[in-house]
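The sequence shown begins at 1 in full-length UniProt numbering and counts up one residue at a time.
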Amino acid sequence: MSDQPRTELTVAILAGGLSHERDVSLRSGRRVAGVLRDQGVTVRVLDVDASLVAQLQEMAPDVVWPLVHGSSGEDGSLQDLLTLLDLPYVGSEPAACRLASHKPVAKALLRQAGLPTPDHAALPQSLFREVGARTLLGAVERKIGLPLAVKPASGGSALGVTVVERSEDLPEAMVACFAYGDEALLEHAVRGTEVAVSVVDLGDGPRALPAVEIVTEGPYDYDARYNPGRSEYFVPARLDEAGTRTVGELAVAVHRTLGLRHLSRTDMILDEDGVAWFLDVNVSPGMTETSLFPQAVQADHASLGDLYMDLVRAAQQN
Numbered sequence: 001m002s003d004q005p006r007t008e009l010t011v012a013i014l015a016g017g018l019s020h021e022r023d024v025s026l027r028s029g030r031r032v033a034g035v036l037r038d039q040g041v042t043v044r045v046l047d048v049d050a051s052l053v054a055q056l057q058e059m060a061p062d063v064v065w066p067l068v069h070g071s072s073g074e075d076g077s078l079q080d081l082l083t084l085l086d087l088p089y090v091g092s093e094p095a096a097c098r099l100a101s102h103k104p105v106a107k108a109l110l111r112q113a114g115l116p117t118p119d120h121a122a123l124p125q126s127l128f129r130e131v132g133a134r135t136l137l138g139a140v141e142r143k144i145g146l147p148l149a150v151k152p153a154s155g156g157s158a159l160g161v162t163v164v165e166r167s168e169d170l171p172e173a174m175v176a177c178f179a180y181g182d183e184a185l186l187e188h189a190v191r192g193t194e195v196a197v198s199v200v201d202l203g204d205g206p207r208a209l210p211a212v213e214i215v216t217e218g219p220y221d222y223d224a225r226y227n228p229g230r231s232e233y234f235v236p237a238r239l240d241e242a243g244t245r246t247v248g249e250l251a252v253a254v255h256r257t258l259g260l261r262h263l264s265r266t267d268m269i270l271d272e273d274g275v276a277w278f279l280d281v282n283v284s285p286g287m288t289e290t291s292l293f294p295q296a297v298q299a300d301h302a303s304l305g306d307l308y309m310d311l312v313r314a315a316q317q318n
């Protein structure tokens, strides 16, 4: 048990796990724990391991906040476990997590709803072995065209992601992608302003926070995301009124269409014609010192402590 004095509210933060994003998850967990403790909440950060269920049952927290990024943290399985244990938690329910975390499924649902997302193909590693890599990649290049963004169909933090400008670089990008998963998403790389829009939903409907514009020296990869210096952020994004409205509307539409709850962050590209193209949605956004969700909260002139408490209270109510 925590050696801190017990308060009226106890929160268990789940962080770590065995995904490739373990270190980022632990950093997110520590940051949120610190903010909640400053609000007088009793907090424990629990790793996702064989002792997790016993620790949760012993602690009997009022609310659980899953901050495990990637794999079981965002694919609905951890949320299923918390449901089985009758523990209220911050974030989306299992079915919505499954829809959002698998990029090809999310893109298909959003395109069906009329939302812009780049042309793409989702191809498992087994198909490359069966029909030949050269045949498949040639078809992708003819149909979708270069440049291509090659990324794992699930997971985040830009792990395994490569933007390919030349045909000869495509095989190496596939190898890098398959190091992080068995299915690849090959997506037309849209040019424009890279923007992330966070959404909060406390029970009275989703609301977009100020957009964060991302300017990076080189690709916005894992290193650029979590090690200060390579990326510059503009919050709010340097967009005109129409662009600001467009990106906010897309983020809210994504949140609604996929049935998300409490919070989300949608990554997109706003092109020169003013079209916002959906790239990805995160049901458990990063909360580290360089993460985009906390930046958006502060740009909204809101206190991190107040908003995090609001999210905890929303979880208690549903």
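Every residue, glycine too, gets a C-beta built ideally from N, C-alpha and C.
Distance from the Cα of Ala33 is smallest, within the candidate group Arg22, Ser25, Asp23 and Val45, for Val45.
Under the DSSP assignment, Ala179 falls outside any beta strand (DSSP E); it carries neither an H nor an E label.
Secondary-structure assignment with DSSP links Tyr89 through a beta bridge to Val64.
Between the alpha carbons of Leu250 and Arg129 lies a gap of roughly 37 Å.
Fully enclosed alpha helix (DSSP H) runs of no fewer than 4 residues occupy 22-38 of the region 11-58, in order along the chain. Residue environment for Gln317: exposed (fewer than 16 other C-beta atoms within 10 angstroms of its C-beta). Secondary structure at Thr290: coil, using DSSP grouped into helix, strand and coil. Excluding residues up to 5 positions away in sequence, Glu232 lie with their Cβ nearer than 6 Å to the Cβ of Val215 in the same chain. Assignment of Arg111 by DSSP, reduced to helix, strand and coil, places it in the helix class.
Taking C-alpha positions only, Arg22 is separated from Val43 by approximately 20 Å. The region 198-209 and the region 259-277 touch, with three or more beta-carbon pairs separated by less than 8 Å.
Counting every other CB atom within 10 Å of its CB across the protein chains shown gives Lys103 a total of 16 or more, marking it as buried. Spanning the alpha carbons of Asp49 and Arg134 requires a straight line of approximately 41 Å. Under the three-pair Cβ rule at 8 Å, the region 180-197 counts as touching the region 234-254. Secondary structure at His301: coil, using DSSP grouped into helix, strand and coil. The beta carbon of Lys151 sits closer than 6 Å to the beta carbons of Val161 and Leu185 from its chain, once the five residues preceding and following it are set aside; these are given in chain order. Counting along the chain, Ala121 sits inside the beta strand (DSSP E) bounded by residues His120 to Pro124. Counting every other CB atom within 10 Å of its CB across the protein chains shown gives Gly40 a total below 16, marking it as exposed. Rounded to the nearest whole angstrom, the CA to CA distance from Ala189 to Val64 is 37 Å.
For Ala196, the enclosing beta strand (DSSP E) covers residues Thr193 to Asp201. By the beta-carbon neighbour count (other beta carbons within 10 angstroms, threshold 16), Ala15 is buried. Inter-residue distance for Asp80 and Pro94 is about 6 Å (C-alpha atoms, whole angstroms). If you compare the alpha carbons of Gly73, Pro61 and Ala60 with that of Val24, the shortest gap goes to Gly73. The C-alpha of Ala149 is placed about 9 Å away from the C-alpha of Ala173.
The beta carbons of Pro210 and Val175 sit no closer together than 8 Å. A distance below 6 Å between beta-carbons, with the five flanking residues on each side excluded, links Leu82 to the following residues of its chain, in chain order: Val64 and Tyr89. Beta-carbon to beta-carbon, Leu304 and Val297 are separated by about 6 Å, close enough to satisfy the 8 Å threshold. When DSSP states are grouped into helix, strand and coil, Thr257 belongs to the helix group. By the criterion of a C-beta distance shorter than 7 Å, Pro294 is surrounded in its chain by Met287 and Leu304, once the five residues flanking it on both sides are discounted. Restricting attention to Arg256, Asp271 and Leu307, the CA atom closest to the CA of Ser92 is found in Arg256.
Its Cα nearest to that of Leu26, the residue Leu67 stands out among Val35, Leu67, Ser77 and Lys107.
Shown here, Glu217 sits in coil according to DSSP, grouped into three states, outside any helix or strand. Residue pairing of Phe234 in beta bridges, as defined by DSSP: Glu213.
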